[in-house]
Amino acid sequence: MKSEEKLDQCYEAVKDQLPFVPKLALILGSGLGDYADHVTVEKVIPYESIEGFPRSTVAGHKGQFVYAKVEGVPTVMMQGRVHYYEGYPMQDVVLPVRLMKKMGAEILFLTNAAGGVNENFHAGDLMMITDQISSFVPSPLIGANREDLGPRFPDMSEIYRREYRKIIRESSKALNIDLQEGTYLQFTGPAYESPAEIRMVRTLGADAVGMSTACEAVAANHMGMKILGISFISNLAAGMSTQPLSHKEVQEAADLAAPKFRALVTEVIRRIGEHEKSE
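According to full-length UniProt numbering, the sequence shown is numbered sequentially starting from 1.
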């Protein structure tokens, strides 16, 4: 089945189940997996109930859409994202983002756990994503273009919206949470990067590396969604510490930082809601 047919099929499967039209789509990365436990949930749609929808196979990632009003903002959350390294075609990896846009979401809030490349970063930091490098993974826009989704050659000069970056800064200041800022680079994974690769990406200007997010932002930007993102720096990248990297370490660090990550995400969404009403 072609990717555009699969998107339409998935939308037909869920459109009558939606409790409301979401304004904001929130992808819950490592450290925010239990975010839905802290809001009043109105509806849950398991991925497995949507025919043709890709499944998340990563430990710690639930596979479901969760609908809730977060600080009054109608929100659809992805509990468990799909990664390219799981073996899915890139069009399937970004299908959830495209589907949330078809549900009505205008804003995409991306979160993830990432390895710190910037020497001024420390494990446990939160980094606002100001820009990205997606050149190391296939573009989700390769292939026939659907004009109803977006233009053939979308502009990428401001993927992460300036006004939302301002909101993130104001939110972190209000909560007294230290905030780093930087460029996120996506590798395919699932192997962690070598020290030589980390030296390379530092030369390219990356501040954090991970295995998701950038491709989702490309697809969302193509569709005209307004994008913001925060990375949790779960560890320093290879060659920057003597400790070997492991998924267990990433998950444990993310769990420890979860309370401040949750607080910042909630405050940002609250302020976005106020911002959108004033527009």
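Built from N, CA and C at the ideal position, the CB exists for glycine as well.
Looking only at C-alpha atoms, which of the options sits nearest to residue i?
i, options, result
"M78", "Y160, F136, E267 and P22", "P22"
"L256", "G124, L95 and H38", "G124"
"I177", "T213, R202 and K260", "K260"
"P151", "K277, M225 and S278", "M225"
"E216", "F20, L204, V73 and Q186", "Q186"
"Y192", "Y67, G33, S234 and I45", "S234"
"R81", "E71, F65, V73 and T75", "F65"
"R146", "A219, M200 and V76", "A219"
"L26", "M200, A36 and Q17", "A36"
"I272", "G229, G143 and K248", "G229"
"I129", "G104, E71, K69 and A206", "A206"
"H122", "E5, K6, E279 and A237", "A237"
Give the range of the alpha helix (DSSP H) segment to which residue i is assigned.
i, result
"residue 292", "Limits of the chain in this structure are 1 at one end and 279 at the other, which puts residue 292 out of reach."
"V97", "L95 to M103"
"I198", "P195 to L204"
"V218", "A214 to H222"
"L7", "S3 to V14"
Helix, strand or coil: how does DSSP classify residue i here?
i, result
"T188", "coil"
"Y67", "strand"
"Y164", "helix"
"G115", "strand"
"S234", "strand"
"F109", "strand"
"Q251", "helix"
"V21", "coil"
"E279", "coil"
If I follow the unbroken beta strand (DSSP E) through residue i, where does it start and stop?
i, result
"Y47", "Note, Y47: premise wrong, no beta strand (DSSP E); not H, not E."
"Q79", "V73 to Q79"
"S210", "Per the sequence presented here, residue 210 reads as Gly, with Ser not at that position. Counting along the chain, the beta strand (DSSP E) containing G210 begins and ends at A208 to G210."
Name the DSSP beta bridge partners of residue i, please?
i, result
"L28", "Q79"
"residue 280", "Given a span of 1 to 279 for the chain in the structure shown, any question on residue 280 remains unanswerable."
Three-pair Cβ contact test at 8 Å for the stretch 155-162 versus the stretch 204-212: no
Please determine if the stretch 130-140 and the stretch 46-58 are in contact, where contact requires at least 3 C-beta pairs separated by less than 8 Å. no
Touching by the beta-carbon criterion (3+ pairs, under 8 Å), the stretch 109-120 and the stretch 10-22: no
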